[in-house]
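**Student:**
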Amino acid sequence: MSNPRDLRIKELEFGLSCRFVDQYNYSRASRAYLSDFIRNLERLIGKKEKNLKNNIQHP
Numbered sequence: 001m002s003n004p005r006d007l008r009i010k011e012l013e014f015g016l017s018c019r020f021v022d023q024y025n026y027s028r029a030s031r032a033y034l035s036d037f038i039r040n041l042e043r044l045i046g047k048k049e050k051n052l053k054n055n056i057q058h059p
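Per my numbering, the sequence shown starts with residue 1, numbered consecutively.
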């Protein structure tokens with residue numbers, strides 16, 4: 001039978017590693033979301049600029 005203190009340490013180590021993985025996945029998801037958001041924003045700005053140029057060239 002293992003020492004209860006050893007089991008508690010293993011539990012803490014496992015919890016910390018799980019928390020680290022969760023944090024890593026969360027930050028990766030956040031970066032992906034942010035890059036999609038920026039890409040969409042750039043696309044929208046590009047369309048607006050194109051419309052403005054067309055409006056100026058063809059009043």
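Cβ atoms here follow ideal geometry from the backbone N, Cα and C, with glycine treated the same way.
What is the DSSP secondary structure of N51, reduced to helix, strand or coil?
**Tutor:** N51 falls in the helix class under three-state DSSP.
**Student:** To the nearest angstrom, how far is it from the Cα of I45 to the Cα of Y33?
**Tutor:** Taking the straight line from one Cα to the other gives about 18 angstroms.
**Student:** Grouping DSSP H, G and I as helix and E and B as strand, with all else coil, what is N3?
**Tutor:** It is coil, neither helix nor strand.
**Student:** What does the alpha-carbon distance come out to for the pair F20 and R39?
**Tutor:** Approximately 28 angstroms, taken between the alpha carbons.
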